[in-house]
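Report on one structure; see the data block that follows.
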Amino acid sequence: MLSAVYHQSLRSDLSAPSPSNLESQVGNTPLLQLQRTAAAFGVPEQVSLHAKAEWFNPSGSIKDRAALNIIQMAEQNGQLAPGMTLLDSTSGNMGIAYAMLGAARGYKVKLTLPQNVSPERIAILQAYGAQLIFTDPLEGSDGAIVEARRLAAEDSSMFYANQYNNSANWQAHYTTTGIEIWKQTEGQVTHFVAGLGTSGTFTGTTRRLREFNPAIRCISMQPDGPFNGLEGLKHMQSALKPGIYDDELADENRTVRTEDAYMMARLLAQNEGLFVGVSAAAAVFSAIEVASQLKKGVVVTVLPDNGFKYLSERFWKE
Amino acid sequence: MTTIRIPTPLRPYAGGESTVAVSGGTVGAAVDDLTQKHPDLRQHLFDGDKLRSFVNIYLNQEDVRYLNGADTEVAENDTLMIIPSIAGGLN
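Line by line, the protein sequences are chains S and V.
Yeah, the first sequence ends on 318 if you go by our numbering, and it's all consecutive.
Yeah, the second sequence ends on 409 if you go by our numbering, and it's all consecutive.
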């Protein structure tokens, strides 16, 4: 009985989604200095290495920024209204961000994801009440994209958030991440390094930083091949190319081998006290390669999430 | 023949095929036969002699690491799947 009343009261709130305190905590993440790791890899003293600790976002990853902006933009232009279902494909973090924000704002969230996402991720998504549709693990994240497109075409009553093609994704970083990095380095940033997944982080942050100072070198990073263990990153040459990806934007493109990211994840945990996810470790590996070639400079990279969602991976024990 | 299902990103290195029929009575022998048929696959799957740590091989939905590894026996009509660990395994 009580439960019925509770559910009814929740329903009546659906007509007026209001920004929660949770949402005000999205962004403004700390910029950490990784001098110990930099020194261990021979980065010159005149070069400082910094990283945005994106797990400080409420759902635990950088994806809160894009998910919040996608939802707000869709509400503003009338694509998303109370009672509707948000649909998208995800390999994890974006889904978790949608699921958290959807629960807080009263939207149902339906996600397509490859069947081989980690048990941790599935448990988190289910805890937030998201509806999950698993796709063939052999098809990877592209298989989930294709299925989301199919579902969107089949049922137009849903809002298809389409993170790979929605400009609200990169704009979230243009209006937040890029400005934060500029301010937190007091305008001293000389190099920006970020991994490519949807490419939203790299695209938005780079466009903003270049407005502040066109001389900042912006370097994109991706897996070294189509078959890799770098969760959340895309090998652009072989994957379905995101509509928001601009392959002319980067000053330089770098690649990282999965094993190097694993090594860096263990090292950051043990030598720096930073327990980060695999794509974060790949970003640090790449940023260190960039920093090592400089005589002086301020290198900034992005750590999309921490390591908790990767605990079932074997590499921590290797 | 045992069937090995190939994930999309590796198909270009397996002659564009989504499945390859292989021989061999164990997982190790079956994978060896696969990489002999399609040598370009080897660098993606192995680091030296060792299966790369994000590469999982499933025998009829079971991760062979939790069976008998490369020595796990496979029968004629079994299906093996090669799946990258996005994080963890097949649920």
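Beta carbons: idealized from backbone N, C-alpha and C, even for Gly.
Remember, it's a predicted structure, so these values are computed and weren't measured experimentally.
Indicate the three-state DSSP secondary structure (helix, strand or coil) for residue i in the structure shown.
i, result
"T85 of chain S", "strand"
"G297 of chain S", "strand"
"G334 of chain V", "coil"
"N162 of chain S", "coil"
"G273 of chain S", "coil"
"V392 of chain V", "coil"
"D13 of chain S", "Residue placement at D13 of chain S is flagged as unreliable, the pLDDT there being 49, under the threshold of 50; a coordinate-derived value is accordingly withheld."
"L398 of chain V", "strand"
"Y107 of chain S", "coil"
"F202 of chain S", "helix"
"N374 of chain V", "strand"
"F56 of chain S", "helix"
"G307 of chain S", "helix"
"D350 of chain V", "helix"
"V340 of chain V", "strand"
"D64 of chain S", "helix"
"H356 of chain V", "coil"
"Q379 of chain V", "coil"
"Q33 of chain S", "strand"
"S167 of chain S", "helix"
One question on the structure: do residue i and residue j come within less than 8 Å of each other, judged by their Cβ atoms?
i, j, result
"A144 of chain S", "L87 of chain S", "no"
"P325 of chain V", "I375 of chain V", "no"
"G126 of chain S", "L31 of chain S", "Looking at the sequence provided, one finds Gln at residue 126 of chain S rather than Gly. Cβ atoms of Q126 of chain S and L31 of chain S: not closer than 8 Å."
"Y174 of chain S", "R217 of chain S", "no"
"V256 of chain S", "L230 of chain S", "yes"
"L124 of chain S", "L132 of chain S", "The sequence given here has Ile at residue 124 of chain S, not Leu. Cβ distance not < 8 Å, so I124 of chain S and L132 of chain S don't count as in contact."
"S118 of chain S", "K309 of chain S", "yes"
"R266 of chain S", "W316 of chain S", "yes"
"G200 of chain S", "P304 of chain S", "no"
"L369 of chain V", "T353 of chain V", "no"
"F227 of chain S", "L398 of chain V", "no"
"T320 of chain V", "D396 of chain V", "yes"
"F41 of chain S", "S292 of chain S", "yes"
"H50 of chain S", "V302 of chain S", "no"
"E248 of chain S", "I219 of chain S", "no"
"R159 of chain S", "A74 of chain S", "The residue you asked about is not Arg; residue 159 of chain S is Phe in the sequence shown. Yes, Cβ-Cβ distance for F159 of chain S and A74 of chain S is below 8 Å."
"Q115 of chain S", "T135 of chain S", "yes"
"P44 of chain S", "L294 of chain S", "yes"
"D358 of chain V", "Y331 of chain V", "yes"
"E262 of chain S", "S371 of chain V", "Looking at the sequence provided, one finds Tyr at residue 262 of chain S rather than Glu. In contact: Y262 of chain S and S371 of chain V (Cβ atoms closer than 8 Å)."
"T258 of chain S", "P223 of chain S", "yes"
With a threshold of 7 Å (Cβ to nearest heavy atom), would residue i be considered close to the ligand SAM?
i, result
"K52 of chain S", "By its list of ligands, the structure shown contains no ligand whatsoever, and the ligand SAM lies outside what it can speak to."
Would you say the region 163–175 of chain S touches the region 224–244 of chain S, given that touching needs at least three Cβ pairs under 8 Å? Counting Cβ pairs under 8 Å, three or more are found: they touch.
Taking the runs of the alpha helix (DSSP H) that are 4 residues or longer, which of them lie wholly in the region 216–287 of chain S? Counting whole runs of 4 or more residues, the region 216–287 of chain S contains the alpha helix (DSSP H) stretches 258–267.
In chain order, what residues of the region 130–146 of chain S put their CB closer than 7 Å to some CB of chain V? Within the region 130–146 of chain S, the residues whose Cβ lies closer than 7 Å to some Cβ of chain V are P137, L138, E139, G140 and D142, listed in chain order.
When Cβ atoms are compared, which residues of the region 363–374 of chain V fall closer than 9 Å to chain S? Among the residues of the region 363–374 of chain V, those with a Cβ less than 9 Å away from any Cβ of chain S are L363, D365, R370, S371, F372, V373 and N374, in the order of the chain.
Contact residues within the region 212–244 of chain S, judged by C-beta distance below 9 Å to chain V: Result list: G225, P226, F227, N228, G229, L230, E231, G232, H235, S238 and A239.
Would you mind listing the alpha helix (DSSP H) stretches within the region 109–162 of chain S that are 4+ residues and don't spill past its ends, in chain order? With a minimum length of 4 residues, the continuous alpha helix (DSSP H) runs that stay inside the region 109–162 of chain S are 119–127 and 140–154.
For the region 259–290 of chain S, which residues have a beta carbon sitting closer than 8 Å to at least one beta carbon of chain V? Within the region 259–290 of chain S, the residues whose Cβ lies closer than 8 Å to some Cβ of chain V are E259, Y262 and V278, listed in chain order.
Taking contact to mean at least 3 C-beta pairs separated by less than 8 Å, is the region 367–383 of chain V in contact with the region 334–352 of chain V? Counting Cβ pairs under 8 Å, three or more are found: they touch.
Taking one C-beta from the region 276–289 of chain S and one from the region 42–57 of chain S each time, how about it: are there three or more such pairs within less than 8 Å? Result yes; three or more Cβ-Cβ pairs closer than 8 Å.
With three or more beta-carbon pairs closer than 8 Å as the criterion, would you say the region 61–70 of chain S touches the region 91–105 of chain S? At 8 Å Cβ cutoff, the stretches touch.
Contact set between the region 328–340 of chain V and chain S, restricted to residues whose Cβ is under 9 Å from the partner: Answer set for the region 328–340 of chain V: L328, P330, Y331 and S336.
Give, in chain order, every residue of the region 100–127 of chain S whose Cβ lies closer than 8 Å to some Cβ of chain V. Taking 8 Å as the Cβ-Cβ cut-off against chain V, the residues of the region 100–127 of chain S that qualify are P114, Q115, N116, V117, S118, P119, E120, R121 and I122.
Is the number of C-beta pairs between the region 100–111 of chain S and the region 189–204 of chain S that are closer than 8 Å three or more? As far as the Cβ criterion goes, the region 100–111 of chain S does not touch the region 189–204 of chain S, which means the pair count is below three.
May I ask you to list, following chain order, the residues of the region 342–361 of chain V that have a beta carbon less than 8 Å from some beta carbon of chain S? Residues: none.
Looking at chain S, which residues of the region 387–399 of chain V have a Cβ within less than 8 Å of any of its Cβ atoms? So the list reads M399, given in the order they occur along the chain.
Identify each residue in the region 299–316 of chain S for which the Cβ-Cβ distance to at least one residue of chain V is less than 7 Å, and report them in chain order. Listed in sequence order: K309, Y310, S312, E313, R314 and F315.
Listed from N- to C-terminal order along the chain, which residues in the region 72–94 of chain S have their beta-carbon within a distance smaller than 9 Å of any beta-carbon of chain V? Of all residues in the region 72–94 of chain S, S91 and G92 have a Cβ within less than 9 Å of some Cβ in chain V.
Residues of the region 47–58 of chain S in Cβ contact with chain V at a cutoff of 9 Å, in chain order, please. Listed in sequence order: no entries.
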